[in-house]
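See structure below.
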Amino acid sequence: MAFAAIAIIFSSCEPTSFNETYLYGYWQDDNNADHYKRFLTSSEDDTAVVALKSQTYNCTFGYDWDESEQTEEDDLFGTGYHGIGWYKWNLSASTLALFEQGEKTKDLPYLYKVKKLTSKQLQIVRNNVTETYTKVDRTPHPITK
Amino acid sequence: MRRALKIAGICLGSLIGFLLLVECIVCYVILTPERVTPVVNDVCNKVITCEHEIGEVDLTFFSTFPRLGLRIHRILLVNPMEGAQSDTILATDQVLLKANLYELFHRRYLDIDALVLDSAIANIYINAVGENNISVFVSQPDTTTEEKSAFTLPFDSIRVTGGSITAQCLTFVDDKDTIHAAMQDVDIDLAAANWDNVQLDLAANDVFFRLKKETYADHLQLGLNIPASVNLNTMTFGLRHAQVSINEFDIDLDGSATIQDTIALQLTAELNKWDIANVLALLPPSIASFTKDIQAQGLLSLKATADGMITDSVMPLIDATIRIDRGTAQYAALPYTFTDVELDADAHIDLNDQAQTSATIRKVCATTLDSKVSASAKISNLLADMRARAQLYMDVNIPDFASYFPENMSSIGQIVGGCALDARLSDLTSLHLEKTQIEGKWKIKNLDWAMDSMQAQLPEGELILAIPNQQPSHKQTDWLNLQLHTSALHFAQAGGIDAQLGNTQLHVETDNILQNMPHLCAYAELTSSDKIEVSGDSLFAQAYTPAITAFTECTIGDSTAIPAFETTISFKDLQGYYTQYQGRLHNPRIVAKMNSSRRSKTTPVFSADISSDAIAAQVGEDTKVSTKHIAVNAKAIYFPQGDKFLLKWNPRLNFMLNDAEVDLPNFEQHISIPQILFSYNNREFTIRESLVKIGHSDFALAGQIENIGKWMQEKGKLFGELTFTSNHTDVNELMSLCSADAGSEEKPLEETVNSTSVNRTSSDSAQAEPFLVPQNVDLTLTTDIKEAVIFNTTAHNIGGKLYIKDGMLVLEEMGFVCDAAKLQLTAMYRTPRRNHIYLGFDYHMLDIKIDQLISMIPQVDSMVPMLRSFKGDAEFHIAAETFLTAEYKLKPSTLRGACSIFGKDLVLLDSETFDKISKILMFKKGSENKVDSISVEMTMYKKEIDLYPFCVSLGNYTAALGGRHNLDMTFDYHINLLRPLYIGVDVKGSLDDLSIKPAKCIYAQDFRPIIHNKVNTQNDELRQIIRDSLRKNVKTE
């Protein structure tokens, strides 16, 4: 019984904090090879603060795009800079908050629970939907406004 | 008495008889030849210094009665002289002197009634140094040293009142003055009863005269009949009806000459009907050389008067009247023989002042082949730079002058008419005609002209010429005025064009084109009261009552200077075609000008005023334009450095069009233009009025667009404000017509092949042609559209602004009413790349019927499928943005948005789904399931639509609803009954595969969060944010 209890306890124990630096860089969606995410550092791009009534988030920027929809990483720059596809992100404990950007809509919050974050793997969950990503090497796109 | 007379008579007769007897005795007994001859010889030996022979000398009485005669048989004077034509000075068979002895003995006055030489031969010679061979008489002795032994003449003075010479040969040679004269068979009679009555008659054959190597007479017959008077005191010699005959030519002379230190001459010469050919044959070679190329015949009559002094510097005035009748002439340089030549002219010759020399030609005419020409003239300054004022008349048969035509040219026809000419010969020969006056009018008949492949026919016409131009239409064209009037003119070129002109007037004016003027000016005008028709290969044009004028002024020798050109063209009707171009114009009028800019002579400036009533034009089968009235005022300045058409030509345009219909290739829609009035230049384009119908759309566009030139040069933005008013607009049709060629951040594929930077390429779909927003454009279009079709929606009363700015197309607060509701739309459309098109919009619908909302925007059903279960009024707000492909397909991963739906007094519709849910939740359905209100907020993120939990009351029941559904129409909702029971149900799956299961309640009974967690708190906050932000954009009126 005790062993069962211990097993249950341990199996239900998930990490509560992750190394933010593992997020930096390009990630490829394991379910859609044309879908990429990129998390920028504070030195690569601006930082931002999102203040909700309940909490304030200190964020840096990132973006994602889906090449199966004939979207290119280059589309996120120029007039697309900090528009659709961009988000402000904040990793706090196991919560990855993504505040989606647009021109009509700003800072729409989408809160993900981080299940796994290593230098190679990322697993996040929202509304019972799990997304997994694998770290990829890509030539960093210059941040052009 | 009788007896006395008888006695007197007997006495007189006896006296005469006695005298005669004495005479006979003296002559035949006392003074016999034997006695007289030695005396005469002796006298001659003393008087004559040269070798001589004197024959028998006798006195005659009866043969020379009543005068005493001295007859010398044979006289020979020989004086050899080197170079002389003969040693014999004089040789004669007989010399007879008839003298008045009474005067001789009483008054020592030798009065010779007659001196007769028979068969004489005389040779007079002067050598080169002036020595003559007739100085053979002893000179009179000096009276101061009188010698008694010297011979003295028995008379002190001598008078010869008559004489005759018959000579075989008379010669005169003067080597000093190079004169050689000779006559054969000479017969000279001289009678001089008194000095007032002198008669000289001369007849000679074979007359020869040469002066200074020029032979003036050779083998001529000479005759003189000269009644004259002589006044030795005044040295005046008068002629009365004298006649000089040379061969068959007689000259009548009348007049006088006074010879003193000067010669005073008053002489009239008249010749009548001389045969010109024979006259020409008599001309000395030096003069004949001038006429060697002339063969002439006819009768020449001349009367000339010389009146005045002859000195070293003065000549008498000569007035002459000349006539030529029945003349013919041929000049070697001309291939014509002139017949029926007549001349009637006067001449006044003043050799002292040649400027006063003049001639009057009363008539001169000639005929050649089938042509005639006649003239009259007054000629002044005849001997110098003559000036003629002439009237010319001609009746010319054109083929007569075919020798002047080029080899490849032929012509027939007739030209009849005349002209008046006032010109100087020097001006005519040098073509300096600025002081020349010419006025002429000619009728042209049956003209038929051909040259190479060209031909022309002119049955009847009139040609009018005037130099200078007395009524110039332009002050510069003041030299030539040429007009051609014709009832019909036909011109054709084989393989080229064929032109027919009916009842046409052609008018040409120029400045002096013959001089090397720096400027050339010309004016031409063509009018017709009939029509002009031109046809050719792929060409036909017909113009009724044309009126065409053209004026040009150009600088010769400067190819860079722009000539000035102006033309007006008007027709009553013009129709025609050229290859695939067809047109018909009614009352067209064009005034076009070209000249140089004031700032630069090498920059051309064009202007045109064009107006026309009905126009119909067609190019091929696809392009058609017609209009009822058009008026265009255009101006253009050409700058070759411009790289676009509008920058090259810099047009300024005022345009007016009424009732036009246009069909263009590559332009799918038919265009109707009831009216358009605009002005354009590269600074601004102003539409004052325009009513246009394109396809299904009609609109009135007005406004202004500025900075066009700088925008085309990519040095500035295009600004504009336009108002768009329409009854019906098909936006889909118009957008397809106005699309740009490339996306705003798109580069052509060929530019990116070699580029190392990451660029967006045109690797996009090449087949899709979305609307691409033009760059550097700041245009505002204020709309007032009664009805519009946008995509598949019909909207009414659309008012708002559409503007293009910073590469975006923005529809700002466009309010309109459609069937379902009042709507307000603010939309943004941006095209960074053809296949990556941004679309964002705020869309608000007030007073909407839910069922109509779904039919208007089917996507709403995808987003909120449960709405289809409701019926009633609602309020709908959505703010969304996404990117689209070139085919306007959604890129789901880029979808972002928020939506708020508020409904009240709704009715929940029965459905299988509702039945299932109500059973689980133990609803008691009423006859009508009314819902007081419903307020739904949702967000769209990628393919997900999150429905934030909301509460709905249905009668006594209160339920909370929330969840997510996807664009693939799968969903995961949780419905929580809050009152009267507190139970929950999960609704998952799709409409075709629905799973409805009881579930644990997750919403608080008072619809407050059970677990106070960040998400729920944030959800409430977010819902409020969404509601507030959406509603604040609604324009309240």
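Protein chains in written order, with my numbering: chain A, 1 to 145; chain B, 1 to 1037.
Ideal Cβ positions, reconstructed from N, Cα and C, are used throughout, including at glycine.
Exercise. Taking the alpha-carbon positions, what's the Asn100 of chain B to Ile112 of chain B distance?
Worked result: Taking the second sequence and counting its residues from 1, the one referred to as residue 100 of chain B is at position 100. Taking the second sequence and counting its residues from 1, the one referred to as residue 112 of chain B is at position 112. Cα to Cα, Asn100 of chain B sits roughly 6 Å from Ile112 of chain B.
Exercise. Mind pulling the chain A residues with CB within less than 9 Å of Ala898 of chain B?
Worked result: Locating residue 898 of chain B in the second sequence gives position 898, counting from the first residue. Within 9 Å Cβ-Cβ: Lys104, Thr105, Leu108.
Problem set entry | Neighbourhood of Leu392 of chain B by C-beta distance below 6 Å, restricted to the same chain and skipping five residues each side | By one-based count along the second sequence, residue 392 of chain B stands at place 392. Contacts found: Ala375, Gly418, Cys419.
Problem set entry | Where His836 of chain B falls, given that 16 or more other Cβ within 10 Å makes a residue buried | The count along the second sequence starts at 1 and reaches residue 836 of chain B at position 836. The residue in question, His836 of chain B, is buried, as its Cβ has 16 or more Cβ neighbours within 10 Å.
Problem set entry | Buried or exposed by the 16-neighbour rule on C-beta atoms within 10 Å, applied to Val985 of chain B | The sequence position of residue 985 of chain B within the second sequence is 985, counting from 1. The residue in question, Val985 of chain B, is buried, as its Cβ has 16 or more Cβ neighbours within 10 Å.
For this session: Please compile the residues from chain A whose C-beta is within a distance smaller than 7 Å of the C-beta of Pro604 of chain B.
Result: Residue 604 of chain B sits at position 604 when you count from the first residue of the second sequence. In chain order: nothing, as chain A lies at least about 44 Å away.
Exercise. What residues from chain B crowd round Thr132 of chain A, counting only those whose CB sits closer than 8 Å?
Worked result: The sequence position of residue 132 of chain A within the first sequence is 132, counting from 1. What Thr132 of chain A touches in chain B: nothing, since even the nearest Cβ is about 16 Å away.
Exercise. Alpha carbon to alpha carbon, how far is Arg210 of chain B from Asp175 of chain B?
Worked result: Indexing the second sequence from 1 puts residue 210 of chain B at position 210. Indexing the second sequence from 1 puts residue 175 of chain B at position 175. So the alpha carbons of these two residues sit roughly 11 Å apart.
Exercise. If you compare alpha carbons, which of B:Arg326, B:His180, B:Lys98, B:Asp93 is closest to Tyr125 of chain B?
Worked result: Within the second sequence, the letter at position 125 stands for residue 125 of chain B. Comparing Cα positions, the closest option is B:His180.
Exercise. Below 8 Å, can you find three or more Cβ-Cβ pairs linking the region 447 to 464 of chain B to the region 543 to 550 of chain B?
Worked result: no
Problem set entry | Contact list for the region 937 to 971 of chain B against chain A, Cβ threshold 7 Å | Thr939, Tyr941, Arg964
For this session: Work out the CA separation of Val43 of chain B and His73 of chain B for me, nearest whole Å.
Result: As a working note, residue 73 of chain B is residue 73 in the second sequence. As a working note, residue 43 of chain B is residue 43 in the second sequence. So the two alpha carbons sit approximately 16 Å from each other.
Problem set entry | Cα-Cα separation between Cys951 of chain B and Leu890 of chain B, rounded to whole angstroms | By one-based count along the second sequence, residue 951 of chain B stands at place 951. By one-based count along the second sequence, residue 890 of chain B stands at place 890. Roughly 31 Å between the two C-alpha positions.
Exercise. Shortest alpha-carbon distance to Gly897 of chain B belongs to which of B:Gly840, B:Met845, B:Leu906, B:Ser935?
Worked result: In the second sequence, counting from the first residue as 1, residue 897 of chain B sits at position 897. Closest by alpha carbon: B:Gly840.
Exercise. By the criterion of Cβ-Cβ separation under 9 Å, what are the contact partners of Ala999 of chain B in chain A?
Worked result: To locate residue 999 of chain B, count along the second sequence from 1; it is residue 999. The premise fails here: Ala999 of chain B is roughly 13 Å from chain A at the closest Cβ pair, so nothing lies under 9 Å.
Exercise. What number of angstroms, rounded off, separates the C-alpha of Lys531 of chain B from the C-alpha of Asn587 of chain B?
Worked result: Along the second sequence, one-based indexing puts residue 531 of chain B at 531. Along the second sequence, one-based indexing puts residue 587 of chain B at 587. The straight-line gap from Cα to Cα measures roughly 14 Å.
Exercise. Within the chosen definition, does the region 154 to 161 of chain B reach the region 128 to 139 of chain B through at least 3 CB pairs nearer than 8 Å?
Worked result: no
Exercise. Who does Trp86 of chain A pair with in a DSSP beta bridge?
Worked result: By 1-based counting over the first sequence, the position of residue 86 of chain A is 86. Partner(s): A:Tyr63.
For this session: Could you tell me if Met845 of chain B is buried or exposed, where buried requires 16 or more neighbouring beta carbons within 10 angstroms of its beta carbon?
Result: Within the second sequence, the letter at position 845 stands for residue 845 of chain B. Counting Cβ neighbours within 10 Å, Met845 of chain B comes out buried, since at least 16 surround it.
Exercise. Sorted by chain position, which residues of the same chain lie with C-beta nearer than 8 Å to Pro665 of chain B's C-beta, five sequence neighbours on each side aside?
Worked result: Indexing the second sequence from 1 puts residue 665 of chain B at position 665. Around Pro665 of chain B: Gly620, Asp622, Thr623.
Exercise. Using the C-alpha atoms, what's the distance from Glu131 of chain A back to Glu750 of chain B?
Worked result: Your numbering for residue 750 of chain B matches position 750 in the second sequence. Your numbering for residue 131 of chain A matches position 131 in the first sequence. Note that Glu750 of chain B scores a pLDDT of 45, beneath 50, so its modelled location is shaky; the value from the coordinates is reported in the next line. Each residue's alpha carbon lies about 40 Å from the other.
For this session: Grab the span of the alpha helix (DSSP H) containing Cys44 of chain B for me, first residue to last.
Result: Stepping through the second sequence from its first residue, residue 44 of chain B is reached at position 44. Segment 33 to 47, the alpha helix (DSSP H) holding Cys44 of chain B.
Problem set entry | Distance, Phe172 of chain B Cα to Asp350 of chain B Cα | The residue you call residue 350 of chain B lines up with position 350 of the second sequence. The residue you call residue 172 of chain B lines up with position 172 of the second sequence. The straight-line gap from Cα to Cα measures roughly 34 Å.
Exercise. Is there contact here, the region 82 to 92 of chain A with the region 28 to 36 of chain A, by at least three beta-carbon pairs under 8 Å?
Worked result: no
For this session: Just list the beta strand (DSSP E) runs in the region 337 to 424 of chain B, keeping only unbroken ones of 3 residues or longer that don't cross its boundaries, in chain order.
Result: 337 to 349, 358 to 368, 371 to 380, 387 to 397, 409 to 424
Exercise. Got a sec, what are the start and stop residues for the alpha helix (DSSP H) Glu103 of chain B sits in?
Worked result: Numbered from 1 along the second sequence, position 103 holds the residue referred to as residue 103 of chain B. Per DSSP, Glu103 of chain B belongs to the alpha helix (DSSP H) from 101 to 107.
Exercise. Are there 16 or more other CB atoms within 10 angstroms of the CB of Asp842 of chain B, so buried, or fewer, so exposed?
Worked result: Locating residue 842 of chain B in the second sequence gives position 842, where the first residue counts as 1. Counting Cβ neighbours within 10 Å, Asp842 of chain B comes out buried, since at least 16 surround it.
Exercise. Is it the case that the Cβ atoms of Val936 of chain B and Leu954 of chain B are separated by a distance below 8 Å?
Worked result: Residue numbering aside, residue 936 of chain B sits at position 936 when the second sequence is read from its first letter. Residue numbering aside, residue 954 of chain B sits at position 954 when the second sequence is read from its first letter. No, the pair does not count as a contact, with Cβ atoms beyond the cut-off.
Problem set entry | Proximity test, Cβ basis, 8 Å: Lys988 of chain B and chain A | Position 988 of the second sequence, counting from 1, holds the residue named residue 988 of chain B. For Lys988 of chain B, the answer is no, since every Cβ of chain A falls outside 8 Å of its Cβ.
Problem set entry | Cβ separation of Ser690 of chain B and Gln675 of chain B, assumed to be a contact under 8 Å, to the nearest whole Å | As a position in the second sequence, residue 690 of chain B is number 690, starting the count at 1. As a position in the second sequence, residue 675 of chain B is number 675, starting the count at 1. Yes, Ser690 of chain B and Gln675 of chain B are in contact; Cβ-Cβ is about 7 Å, under 8 Å.
Exercise. Within 8 Å (strictly less), CB to CB, does Gly800 of chain B reach chain A?
Worked result: Sequence index remark: in the second sequence, residue 800 of chain B carries index 800 (1-based). Gly800 of chain B does not count as touching chain A.
Problem set entry | Rounded C-alpha distance that separates Met315 of chain B from Leu302 of chain B | One-based indexing of the second sequence puts residue 315 of chain B at position 315. One-based indexing of the second sequence puts residue 302 of chain B at position 302. If I take the Cα positions, the gap works out to 20 Å.
For this session: State buried or exposed for Arg35 of chain B, treating a residue as buried only when at least 16 other CB atoms are found within 10 Å of its CB.
Result: Within the second sequence, residue 35 of chain B is the residue found at index 35, counting from 1. Looking at its Cβ environment, which holds fewer than 16 other Cβ atoms inside 10 Å, Arg35 of chain B is exposed.
Exercise. Does DSSP classify Arg868 of chain B as helix, strand or coil?
Worked result: Your numbering for residue 868 of chain B matches position 868 in the second sequence. DSSP places Arg868 of chain B in helix when its eight states are reduced to three.
Exercise. For Phe565 of chain B, which residues of its own chain have a beta-carbon under 6 Å away from its beta-carbon, when the five flanking residues on both sides are left out?
Worked result: As a position in the second sequence, residue 565 of chain B is number 565, starting the count at 1. The residues are Thr552, Met594.
For this session: My understanding is that Asp452 of chain B touches Asn408 of chain B, with C-beta atoms under 8 Å, so please give their C-beta distance in whole angstroms.
Result: Here residue 452 of chain B refers to the residue found at position 452 when the second sequence is read from its first residue. Here residue 408 of chain B refers to the residue found at position 408 when the second sequence is read from its first residue. The Cβ separation is near 5 Å, so the contact holds.
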